[in-house]
Amino acid sequence: MKTFDCDQVLSMIDDLVDEALDEHDRTSARSHLEACPSCRAEFQAATRLQAATRSLPRSTEPERDLWPGIAHRIEDRRVVRGEFERPPAVRPRRWWMAAAAAAILVVSVSLAYRAGLERGWPQTAATAPVESFYVRAAYGGPGTGLESARDQLRSSLDDRRDELSPETWSVVMENLLVIDNAIARIETAMADNPNDGRLNRQLATAYRQQINLLQRATRLPAEV
Amino acid sequence: MVIPLGSNRRPAMAGPMTHHSDVDSAGLVDRAIAGDVDAFEALYRQSVGRVHGLCLRMCGDRSLAEELTQEAFVRAWQKLPSFRGDSAFSTWMHRLTVNVVLGHRRSAGRRQNRETAAGEEWYSEGGATQERPGVSMDLERAIAGLPKGARTVFVLHDVEGYKHTEIARVAGMAVGTSKAQLSRARQLLRKALAS
C-alpha cells in the first residue's frame, strides 16, 4: 500500500469525495485520514458540503409572475419563430454554416433594401442614422440597447400592419426570419467558440441589420 | 407573418431524466410548436421554478435572474419548432437556459457587469430565501459569493450534475480548467461555511 503525506491527501480530497480514486489510492488515502486529524477534518468538511449541496432545492419560484412580460414579447409577434436546423457537430462545418448564414442575411437584407427603394422608400429612412438606435457597439445580451431597439421597432411595425400590403408584409417578415435564423446559427457556433471575435462581430452585425431592416420597414409609405 | 410551422418532434423517450410532468407536457409541446400560446404558458408554469432557480444560482442576482428567465422562455418559444423530442422538454429547456446564462455572461465581459460579487443582493430581500433556514441559506449565500467561473462550474457540476466534459463544451473551457474551478469553488465554500 502506498503512503501519502498530507499535501498529497489534501490534493485528493475532491476525488475522494467524488469516489473517483482507484481502489489502491482510496485505501491509502483513507489510511492516512484515520491517522491524521487535520486531513480528516478537511475530508469531513468536504463530505458535509457535498451533503448540503445535494439537499439544495432545484426549483425556486420567482417573486413575481414573469409570464406577462414573456407573453407581451411573443404574442405581439415581436419574436419571429422559425425552423432552425442545428448545424452538424463537426467544427469546420459549423464555421461554414455560420459564415453561410451571415452571407445569407447580408444578401437578404440587401435585396430587401433594394426592393424597398424600388417601392419608393423615403430617402430619409435610408439615410437616417441607424446608429442612433445602438446603445452599444456590440450585442450585449438580453436587456441591452440593441434588443430593446429591435423590440421598439417591431412594436412600431406591428402598429402599421394594416397600412402595408400583404406582399410587403411578407417580404419584411421573411427577411426578419432569415436574420433570426442567422442569429441562432451564430449563437450556436459561439457555444463552441465563445471567445471568437469574428463570431461576436457577426452577431452584432446581424442585430444591426435586423434593426436597419425594421427601421426602414417602419418608414415605408402606407400602401393600403 | 409567414411562419410555416410543423412539428418534427419525435415521441418523448422515457429515461432517467424524464419526469412524469414531461410525459404530460408532450401534448403541450406539440400545441406550443403549433403556435398555441396557452399551451406554452402551461409549459412555463410547469418549468419556471426550475429555470429561475438555475438562473438565480448561476448569476447570483435576483433581478438579473428574472430577466434571464424571461429571455430563456422567449428563446424557447423561438426555438420550439426545432425541438425534436430527443430528450424531455425539461432537459431541453434546462440546456437552453444554461446557454442563455452563459451567453449573457460572455457578453457581460463587454459591458458593465451587473452580477454581484459579494453575494449580498440575493439575500437582501425576503421571498424564497426566508424559507431556507440554516445551512442551506448559508450555502446559497456562499455560492452566490463565489467568483463567476468557480460558481458556474460548481453549480453545473455539483448542483446540476453535469460532467466536466459537458461543462467544458457549454462553457467553452478546457476540462482541466473545469476541474480546477470546481476544486477552487469547493475550497472557498468549505472555508466560507467554516467561518
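Protein chains in written order, with this note's numbering: chain A, 3 to 226; chain B, 465 to 659.
Glycine residues also receive a C-beta, built at the ideal position from the N, C-alpha and C atoms.
Note that the coordinates shown come from a computational prediction; the quantities given were computed from them, not determined experimentally.
- Query: Helix, strand or coil: which one does DSSP assign to A/P39?
  - Reply: Position 37 of the first sequence, counted from the first residue, corresponds to residue 39 of chain A. DSSP places A/P39 in helix when its eight states are reduced to three.
- Item | A/G199, buried or exposed, once every other Cβ within 10 Å from all chains shown has been counted against 16 | Counted from its first residue, the first sequence places residue 199 of chain A at position 197. A/G199 is classed as exposed because its beta carbon has fewer than 16 other beta carbons within 10 Å across all chains shown.
- Task: Express the C-alpha separation of A/A47 and A/S33 in angstroms, rounding to a whole number.
- Result: Here residue 33 of chain A corresponds to residue number 31 of the first sequence, with the count starting at 1. Here residue 47 of chain A corresponds to residue number 45 of the first sequence, with the count starting at 1. Roughly 18 Å between the two C-alpha positions.
- Item | chain B contacts made by the stretch 168-186 of chain A, where a contact means CB separation under 8 Å | W171, S172, M175, E176, L179, D182, A186
- Message: 8 Å is my cut-off, CB to CB: does A/E189 come that close to chain B?
- Response: Position 187 of the first sequence holds residue 189 of chain A. By this cut-off, A/E189 is an interface position.
- Query: A/P168 by DSSP, collapsed to three states: which one?
  - Reply: By 1-based counting over the first sequence, the position of residue 168 of chain A is 166. Helix.
- In chain order, what residues of the same chain have a beta carbon less than 7 Å from the beta carbon of A/F45, not counting five sequence neighbours either side? As a working mapping, residue 45 of chain A is identified with position 43 in the first sequence. So the qualifying residues of the chain are I15, L18, L35.
- If you draw a straight line from the alpha carbon of B/R570 to that of B/V564, how long is it in whole angstroms? Counting from one through the second sequence, the residue named residue 570 of chain B turns up at place 106. Counting from one through the second sequence, the residue named residue 564 of chain B turns up at place 100. When rounded, the distance between both Cα atoms is 10 Å.
- Please decide whether B/L623 counts as near chain A, where near means a Cβ-Cβ distance under 8 Å. Within the second sequence, residue 623 of chain B is the residue found at index 159, counting from 1. Contrary to the premise, residue 623 of chain B reads as Val rather than Leu in this sequence. Yes, contact with chain A.
- Item | Status (buried if at least 16 other CB within 10 Å, exposed otherwise) for A/C8 | In the first sequence, residue 8 of chain A corresponds to position 6, counting from 1. Result: exposed.
- Query: How far does the alpha helix (DSSP H) with B/V623 in it reach, from first residue to last?
  - Reply: By one-based count along the second sequence, residue 623 of chain B stands at place 159. Boundaries for B/V623: no alpha helix (DSSP H) harbours it, and the DSSP string shows neither H nor E there.
- Residue from B/D602, B/T641, B/Q534, B/L492 whose Cα sits closest to the Cα of B/K655: Residue 655 of chain B sits at position 191 when you count from the first residue of the second sequence. Checking every option, the nearest Cα to that of B/K655 belongs to B/D602.
- Query: Could you check where the alpha helix (DSSP H) with B/K643 kicks off and where it finishes?
  - Reply: Taking the first residue of the second sequence as position 1, residue 643 of chain B is located at position 179. Taken as a continuous stretch (DSSP letters only), the alpha helix (DSSP H) holding B/K643 covers 639-658.
- Message: Quick check: what's the CA-CA separation for B/F553 versus B/L620?
- Response: Residue numbering aside, residue 553 of chain B sits at position 89 when the second sequence is read from its first letter. Residue numbering aside, residue 620 of chain B sits at position 156 when the second sequence is read from its first letter. Rounded to whole angstroms, B/F553 to B/L620 spans 19 Å at the Cα level.
- Query: Going along the chain, which residues of its own chain have a beta-carbon closer than 6 Å to the beta-carbon of A/A101, five neighbours each way excluded?
  - Reply: Position 99 of the first sequence holds residue 101 of chain A. Only weak support exists for where A/A101 lies, its pLDDT of 45 falling under 50; the value from the coordinates is given anyway. Take A/A101, set aside five residues on each side of it, and no residue of its chain has a beta-carbon closer than 6 Å to its own.
- Query: Between the C-alpha atoms of A/S158 and A/T220, what's the straight-line distance to the nearest angstrom?
  - Reply: Along the first sequence, one-based indexing puts residue 158 of chain A at 156. Along the first sequence, one-based indexing puts residue 220 of chain A at 218. Spanning the two alpha carbons is a distance of roughly 6 Å.
- Item | Span separating the alpha-carbon of B/G609 from that of A/L222 | As a working note, residue 609 of chain B is residue 145 in the second sequence. As a working note, residue 222 of chain A is residue 220 in the first sequence. Between B/G609 and A/L222, the C-alpha separation is close to 51 Å.
- Message: Cβ closer than 7 Å: which chain A residues qualify as neighbours of B/E630?
- Response: One-based indexing of the second sequence puts residue 630 of chain B at position 166. Ordered by position in chain A, no residue passes the 7 Å Cβ test against B/E630, which lies about 12 Å from the chain.
- Message: I need the DSSP call for A/T29, collapsed to helix, strand or coil.
- Response: Along the first sequence, one-based indexing puts residue 29 of chain A at 27. Helix, per DSSP.
- Message: Beta carbons nearer than 7 Å to chain A: which residues of the stretch 521-551 of chain B have them?
- Response: E530, E531, L532, T533, Q534, E535, F537, V538, W541, Q542, K543, P545, S546
- Tell me, please, whether the stretch 497-504 of chain B touches the stretch 521-533 of chain B by the rule of three or more beta-carbon pairs shorter than 8 Å. No, the stretch 497-504 of chain B does not touch the stretch 521-533 of chain B.
- Query: According to DSSP, is A/T129 helix, strand or coil?
  - Reply: For the purposes of this step, residue 129 of chain A is identified with residue 127 of the first sequence, where counting begins at 1. With a pLDDT of only 34 at A/T129, under 50, the local geometry of the prediction cannot be trusted, and no value is derived from it.
- Query: Are the beta-carbon atoms belonging to B/A614 and B/A649 less than 8 Å from one another?
  - Reply: Residue mapping note: residue 614 of chain B aligns to position 150 of the second sequence, counting from 1. Residue mapping note: residue 649 of chain B aligns to position 185 of the second sequence, counting from 1. Yes. Within cutoff.
- Closest residue to B/L653 among A/S61, A/I76, A/T49, A/P168 (Cα-Cα distance): By 1-based counting over the second sequence, the position of residue 653 of chain B is 189. Looking at the Cα atoms, A/T49 is the closest of the given residues.
- Which same chain residues, not among the five before or five after B/I631, have their C-beta less than 7 Å away from its C-beta? Here the question's residue 631 of chain B lines up with position 167 in the second sequence. Here the set comprises V617, L620, H621, S642.
- Message: For B/A490 and A/D24, what's the separation of their Cα atoms in angstroms?
- Response: The residue labelled residue 490 of chain B in the question sits at position 26 within the second sequence. The residue labelled residue 24 of chain A in the question sits at position 22 within the first sequence. Straight-line Cα distance between these residues: approximately 42 Å.
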